[in-house]
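Asks: Each step along the sequence shown adds one to the number in this note's numbering, with nothing skipped, and position 117 is 1507. For each residue, glycine too, the CB sits at the ideal point set by N, CA and C. Model, not experiment: these values are computed from the prediction. Attaching a single structure in structure tokens format; questions to follow.
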Amino acid sequence: MSYEEKSIRVLPEDTDVFGRLNWRVYCRYCEQGEAGLMEKSGFPPMYFQRTQRISFPRRAAHFEYISPVSPENLVNLKTEIKRIGTTSLTLMHTFYKMRRTGGPQTLVAKAEVTIVAYDDRLREKAELPKKLVNALRGHWHKKKVESR
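Next comes the structure, spelled out in structure tokens:
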């Protein structure tokens, strides 16, 4: 299963002092991908917080920057499941840029982010909610079988 968002506008305030897309904005895009993946799986924002008091803080993140992005560009984001664990999910976010005038897209960055299920009542990590695992595994397994 994957989530894609196309033609994200890069605003001047999204850039650093050198006019390049700021690393913090990539983090925001990763969160957009996480939320989009959850929604695509059938779970609206804050669903697990409201129903089970489970939140999903980030445990680890690794970014690889390949090419600069400026306000002259649009960004395409693709978020995919890399790993489903007992208490965590690892997601792969891939970023591409395009000129606003069109043309081919270019790979600009990759991010691997691990989020952990956290029980806010007990204040400790928890198993991923079964409903979420079942929804994600069903799509993830289907994709792996199709790609063979």
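Mapping the DSSP letters down to three states, classify Pro-1519 as helix, strand or coil.
Replies: Three-state result, Pro-1519: coil.
Asks: Among the residues of its own chain, which have a CB less than 6 Å from the CB of Met-1482, if the five just before and after it don't count?
Replies: If we look at Met-1482 and ignore the five residues flanking it on each side, its Cβ neighbours are Glu-1470, Lys-1472 and Glu-1502.
Asks: Please go through the region 1421-1501 and give each complete beta strand (DSSP E) segment of 3 or more residues, from N-terminal end onward.
Replies: Runs found: 1448-1455, 1463-1474 and 1478-1489.
Asks: Taking 9 Å as the threshold (C-beta atoms), are Tyr-1455 and Ala-1499 in contact?
Replies: Yes, they are a contact pair.
Asks: Exposed or buried, what is Leu-1479 when buried is set at 16 or more other beta-carbons lying within 10 Å of its beta-carbon?
Replies: Its Cβ being crowded by 16 or more others within 10 Å, Leu-1479 is buried.
Asks: Quick one: using the 10 Å Cβ neighbour count with 16 as the cut-off for buried, is Leu-1512 buried or exposed?
Replies: Leu-1512 should be labelled exposed.
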